[in-house]
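K.L.:
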Amino acid sequence: MFPTPPNSNKPNSTELSDTEAQKKGNRPSIFHQPSAVWAISFACMVSFMGIGLVDPILPAISRELNSTPSQTMLLFTSYLLVTSAAMFFAGFISSRLGVKRTLTVGLALIVLSATLAGTAGSVDAIIGFRAGWGLGNALFISTALAAIVGAASGGSGQAIILYEAALGVDLAVGPLVGGALGSISWRMPFFGTAALMTIGLAAIIALLPKPTNTATKASLWVGSCTCFHLGARGAALDPQVRAPPGTFDQLCHVCRVPHHYGNWSPQLADTCWHSRRGRIVSRRSQHCTH
1 MFPTPPNSNK
11 PNSTELSDTE
21 AQKKGNRPSI
31 FHQPSAVWAI
41 SFACMVSFMG
51 IGLVDPILPA
61 ISRELNSTPS
71 QTMLLFTSYL
81 LVTSAAMFFA
91 GFISSRLGVK
101 RTLTVGLALI
111 VLSATLAGTA
121 GSVDAIIGFR
131 AGWGLGNALF
141 ISTALAAIVG
151 AASGGSGQAI
161 ILYEAALGVD
171 LAVGPLVGGA
181 LGSISWRMPF
191 FGTAALMTIG
201 LAAIIALLPK
211 PTNTATKASL
221 WVGSCTCFHL
231 GARGAALDPQ
241 VRAPPGTFDQ
251 LCHVCRVPHH
261 YGNWSPQLAD
271 TCWHSRRGRI
281 VSRRSQHCTH
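1 is the number of the first residue of the sequence shown in full-length UniProt numbering; add one for each residue after it.
(1) Tell me which residues share the same chain as L201 and place their Cβ nearer than 6 Å to its Cβ, disregarding the 5 neighbours each side in the sequence.
(2) Between the segment 107-116 and the segment 59-77, are three or more C-beta pairs nearer than 8 Å?
(3) Going by beta carbon distance, what residues of the same chain come within less than 6 Å of F191, once the five residues before and after it are set aside?
(4) Identify whether N66 lies in helix, strand or coil by the three-state DSSP scheme.
(5) Let me know the alpha helix (DSSP H) ranges lying completely inside the segment 55-128, each 4 residues or longer, listed in chain order.
(6) With DSSP run on the structure shown, which of helix, strand or coil describes S41?
(7) Nearest by alpha-carbon distance to G132: which of A165, Y79, G52 and A90 is it?
(8) So which of I126, L58, T143 and A43 has the shortest CA-CA distance to F89?
(9) Within its chain, find whatever has a CB closer than 7 Å to the CB of I51; leave out the 5 residues flanking it on each side and keep chain order.
(10) Under the rule that 16 or more other beta-carbon atoms within 10 Å means buried, what is I127, buried or exposed?
(11) Can the beta-carbon of G157 be found closer than 8 Å to that of V54?
(12) To the nearest angstrom, how far is the alpha carbon of W38 from that of A138?
(13) How long is the line joining the alpha carbons of S41 and S122, rounded to whole angstroms?
(14) Determine the direct distance from the alpha carbon of A85 to that of A166, and round the result to whole angstroms.
(15) Assuming L201 is part of the alpha helix (DSSP H), what are its boundary residues?
(16) Please state whether DSSP places A138 in a helix, a strand or coil.
(17) Going by beta carbon distance, what residues of the same chain come within less than 6 Å of M197, once the five residues before and after it are set aside?
(18) Do you know offhand how far I160's Cα is from G150's?
(19) May I ask which residues mark the beginning and end of the alpha helix (DSSP H) holding A152?
(20) What whole-angstrom Cβ distance do L162 and S35 have, given they're in contact under 8 Å?
(21) Find out if the Cβ-Cβ distance for the pair I184, L103 is shorter than 8 Å.
(22) Quick one: measure Cβ to Cβ for T182 and P69, integer angstroms, because I've assumed they're closer than 8 Å.
(23) Measure the alpha-carbon distance for F140 versus S67 and round it to whole angstroms.
(24) Taking buried to mean at least 16 other C-beta atoms within 10 Å of its own C-beta, is F48 buried or exposed?
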């Protein structure tokens with residue numbers, strides 16, 4: 001047995017605990033964030049409010065506009081379907097417009113669509129404006145998380161917590177706001193959302209700084225669209241190549257509809273997905289070698 005040298009470089013438990021305590025003490029609080037983070041979080045809350053906002057006013061819309069049950073439910077379907085489909089192209093668009101421009105374009109589409117939906121005189125017009133609302137929502141929410149992570153202090157963990165908290169609060173408050181404003185008129189929830197989104201748009205334009213670095217342009221590959229149309233069942237199940245939350249996770253239910261009814265070939269869908277997966281793995285391996 002040899003005694004431990006006095007100048008050993010191995011840190012003891014006291015030093016480790018002091019270091020950890022120092023790191024925890026220097027870590028910024030989740031509530032001490034730049035103004036841009038709070039502006040994006042507020043816009044996220046209002047953005048997801050559009051999902052449950054129309055739920056309380058569906059009976060009033062059906063009664064006053066003499067719409068059928070199928071037309072009434074299309075107010076949900078047009079919004080969610082366009083949101084899901086547009087997420088495939090959101091990365092392609094944001095890599096060319098930039099994060100701030102993509103956010104502002106998405107919010108501007110939401111403001112315009114919500115305002116026009118409030119002034120519409122037929123349920124078909126509201127369905128179309130809800131589709132435009134979904135397009136703006138897809139451009140915004142697919143870029144908002146990256147913007148929060150880039151602007152937040154304290155690491156990506158705290159930024160993701162703020163993002164998820166904003167979505168959770170919004171999904172819970174949306175039907176309440178829709179019911180409160182819908183008691184005045186079924187048009188008021190649309191105008192209320194447009195007003196809140198205008199505030200969020202102005203805050204992002206004023207507070208979110210322009211990025212200093214140039215983002216890598218994403219490629220628009222037709223296979224991504226084909227996977228969507230063919231019902232790529234492997235897209236949400238492959239454990240080695242996972243898409244970000246909000247893309248395949250939200251599209252999984254929509255993608256399986258045509259495959260469930262037998263309109264598309266499952267072999268062709270699997271071939272398309274594995275071809276896309278091979279290209280992703282190849283690009284990652286080339287990046288690692290360089």
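Glycine is no exception: its CB is placed at the ideal position from the N, C-alpha and C atoms.
P.N.:
Taking the coordinates as given:
(1) L107
(2) no
(3) G118
(4) coil
(5) 58-65, 69-97 and 99-119
(6) helix
(7) Y79
(8) T143
(9) L171 and G174
(10) buried
(11) no
(12) 20 Å
(13) 33 Å
(14) 23 Å
(15) M188 to L207
(16) helix
(17) V46, L107, I110 and V111
(18) 11 Å
(19) Run containing A152: none; DSSP gives neither H nor E here.
(20) Wrong, their Cβ atoms sit about 13 Å apart, outside the cutoff.
(21) no
(22) The question names Thr, but residue 182 is Gly in the sequence shown. Contact doesn't hold; Cβ gap of about 18 Å is too wide.
(23) 30 Å
(24) buried
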